[in-house]
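Using full-length UniProt numbering, you'd call the opening residue of the sequence shown number 1 and step up by one each time.
Even glycine gets a Cβ: it sits at the ideal position worked out from N, Cα and C.
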Amino acid sequence: MKKTNIDTLDEQRLKELKKLQRLHVSTSNLLIAIKSLAALLKASIPLSDTVKTISEQSSDPNLNKIFKYISEEIEKGSTMAEAMTLFPKVFPGTLSSVVEAGEKGGSLEDNLLFIAESIKKEWELSKKMKGAIIYPTIIMSLTMVEFIGMIFIILPKMESLFSSFPNIPPLTMFIMNTALAIRTNWITVLAIILSIVIAISIFLKTKTGYMFKGWLALNFPILKKLFTSNILSSFSRTLSVLLASGIPISKALQITSTTMSNFIYAKTLNLVYESVQDGKDLSLSLAEYPKYFNKSFVKMIDVGEVSGTLEENLMYLHEYYSDEVTEMSNNIVTFVEPLLLILVGAIIGVLGVTILMPIYQLMGSING
Numbered sequence: 001m002k003k004t005n006i007d008t009l010d011e012q013r014l015k016e017l018k019k020l021q022r023l024h025v026s027t028s029n030l031l032i033a034i035k036s037l038a039a040l041l042k043a044s045i046p047l048s049d050t051v052k053t054i055s056e057q058s059s060d061p062n063l064n065k066i067f068k069y070i071s072e073e074i075e076k077g078s079t080m081a082e083a084m085t086l087f088p089k090v091f092p093g094t095l096s097s098v099v100e101a102g103e104k105g106g107s108l109e110d111n112l113l114f115i116a117e118s119i120k121k122e123w124e125l126s127k128k129m130k131g132a133i134i135y136p137t138i139i140m141s142l143t144m145v146e147f148i149g150m151i152f153i154i155l156p157k158m159e160s161l162f163s164s165f166p167n168i169p170p171l172t173m174f175i176m177n178t179a180l181a182i183r184t185n186w187i188t189v190l191a192i193i194l195s196i197v198i199a200i201s202i203f204l205k206t207k208t209g210y211m212f213k214g215w216l217a218l219n220f221p222i223l224k225k226l227f228t229s230n231i232l233s234s235f236s237r238t239l240s241v242l243l244a245s246g247i248p249i250s251k252a253l254q255i256t257s258t259t260m261s262n263f264i265y266a267k268t269l270n271l272v273y274e275s276v277q278d279g280k281d282l283s284l285s286l287a288e289y290p291k292y293f294n295k296s297f298v299k300m301i302d303v304g305e306v307s308g309t310l311e312e313n314l315m316y317l318h319e320y321y322s323d324e325v326t327e328m329s330n331n332i333v334t335f336v337e338p339l340l341l342i343l344v345g346a347i348i349g350v351l352g353v354t355i356l357m358p359i360y361q362l363m364g365s366i367n368g
């Protein structure tokens, strides 16, 4: 795709572009805008007027600014696809490529509706993935709040009571001393925790951190199958959408590899792309990497190539793995819930024993 040349922009225009490139647009607002574009084009409204209308009517001010810029680029002679490539954070490579194919083939409105449905499915799948993580995070956060409350509110009140006891059990003494140390040095403890969180956050944004996340996603015992299924679902959907838009298989593979969030799969798909470029079938190219593409997945691709139904088979694979992600997400929540309850119960139990042991010990000595 020919891209709008940023080097030819004047200084003021370039500053405006860089400012707009930092803006965030929600997936829901992007979906509404794409569907609105398709509806206006269906009504035979010229593209420039359509984009201008979206820039004035969207409920998202960030999207309004971006579409205003795109409208101005179209008026200067750029295609919509070329203008969209200036905003890769808002318009993924798949979207701009499908738009380009639609502009060239005269089916822009149909392609927009097609890609909107694809983005919607990806968004819904992403929400399911996050849903599997949100519940455990909430439980752990509540447990942490409970732990802090015990250290700073409950245990200090018990210390004055226990100070009059002749003998305090070792476990109670250990927890009391630990809680006292945390309260006395809470600024230092907080600084250490924040430093660790910030360091991890910075590390994950580096290239090494990005690679580590990709490796961890495919090797973490409980979640690796979930992440793998999500990646295969995304790959199948993206490639199917691109092929259905009339984009050749080799270029579609190249674009798909750039949309992969996992660097291992992105690197593998680059090798698959090179193999297909050399004339090898897609199924045979994928079969060279059985660790990432299982036999049944490759077989479906092979059948699609032989029967001429590759797009349909890819979409079937997307639906299959999407359903698998949904099921596994629900199973993870079901599996993790009792473990978290046991953990919370154990923490409460230990703290309860810590408080009750000295009292029972004192009562025993009195009765004795």
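Here's the rule: buried if 16 or more other CB atoms are within 10 angstroms of the residue's CB, otherwise exposed. What is His24?
Looking at its Cβ environment, which holds fewer than 16 other Cβ atoms inside 10 Å, His24 is exposed.
Taking the alpha carbon of Lys19 as the reference point, which residue from Ser58, Leu40, Ser48 and Leu63 has its own alpha carbon closest?
Leu63
Confirm, please, whether the CB-CB distance from Leu37 to Thr50 is below 8 Å.
In contact: Thr50 and Leu37 (Cβ atoms closer than 8 Å).
Any alpha helix (DSSP H) of 4 or more consecutive residues that is wholly inside the UniProt domain "Type II secretion system protein GspF" (235-358):
249-259, 263-277, 282-287 and 295-307
Whole angstroms are fine: how far does the CA of Met315 sit from the CA of Lys267?
23 Å
So, is Asn230 buried or exposed, given that buried needs 16 or more other C-beta atoms within 10 angstroms?
Buried is the call here.
Quick one: grab the DSSP three-state call for Asn29.
helix
Less than 8 Å between the C-beta atoms of Lys121 and Ser322, yes or no?
yes
DSSP state of Arg22 mapped onto helix, strand, coil
coil
On the criterion of 16 or more Cβ atoms from any shown chain inside 10 Å, does Glu159 qualify as buried, or is it exposed?
exposed
Looking at residue 377: is its Cβ nearer than 8 Å to the Cβ of Thr85?
Nothing can be reported for residue 377: it is not among the residues displayed for the chain, which extend from 1 to 368.
Determine the DSSP secondary structure at Glu64, reduced to helix, strand or coil.
Sequence check: residue 64 is Asn here, not Glu. Asn64 falls in the helix class under three-state DSSP.
Reduced DSSP secondary structure (H/G/I, E/B, other) of Asn167
Shown here, Asn167 sits in coil according to DSSP, grouped into three states, outside any helix or strand.
For the pair the region 230-240 and the region 250-265, tell me if three or more CB-CB distances fall below 8 Å.
yes
Which residue from Leu284, Ala244 and Phe335 puts its Cα closest to that of Ile115?
Ala244
Would you kindly work out how many angstroms separate the C-alpha atoms of Leu343 and Phe165, rounded to a whole number?
30 Å
Would the beta-carbon of Ile66 fall within 8 Å of that of Ser48?
no
I need the straight-line Cα distance from Glu11 to Leu17, nearest angstrom please.
10 Å
Taking the straight line between their C-alpha atoms, what separation do you get for Tyr273 and Ile249?
9 Å
On the three-state DSSP scale, how would you describe Lys76?
coil
According to DSSP, is Phe90 part of a helix, a strand, or is it coil?
According to the sequence shown, residue 90 is Val rather than Phe. Three-state DSSP puts Val90 in coil, outside helix and strand.
If the criterion is Cβ atoms closer than 8 Å, does the pair Leu282 and Ile301 meet it?
yes
Touching or not, the region 90-109 and the region 133-140, by the rule of three or more beta carbon pairs under 8 Å?
no
Buried or exposed (CB count within 10 angstroms, at least 16 for buried), Thr184:
exposed
Just to confirm, is the Cβ distance from Thr27 to Ile153 under 8 Å?
Not a contact, by the Cβ cut-off of 8 Å.
Distance, Met357 Cα to Met363 Cα
10 Å
Hey, is the region 98-106 in contact with the region 290-306, meaning 3+ C-beta pairs nearer than 8 Å?
Using a C-beta cut-off of 8 Å, the region 98-106 makes no contact with the region 290-306, since fewer than three inter-stretch Cβ pairs fall below that distance.
What are the start and end residues of the alpha helix (DSSP H) that includes Phe162?
Leu155 to Phe162
Look at the Cβ atom of Leu242, then the Cβ atom of Thr94, and state whether they are nearer than 8 Å.
yes
Whole-Å CB distance - Met176 paired with Leu155, under 8 Å assumed
Contact flag correct, Cβ pair sits at about 6 Å.
List the endpoints of the continuous alpha helix (DSSP H) containing Pro221.
Taken as a continuous stretch (DSSP letters only), Pro221 belongs to no alpha helix (DSSP H), as it is neither H nor E.
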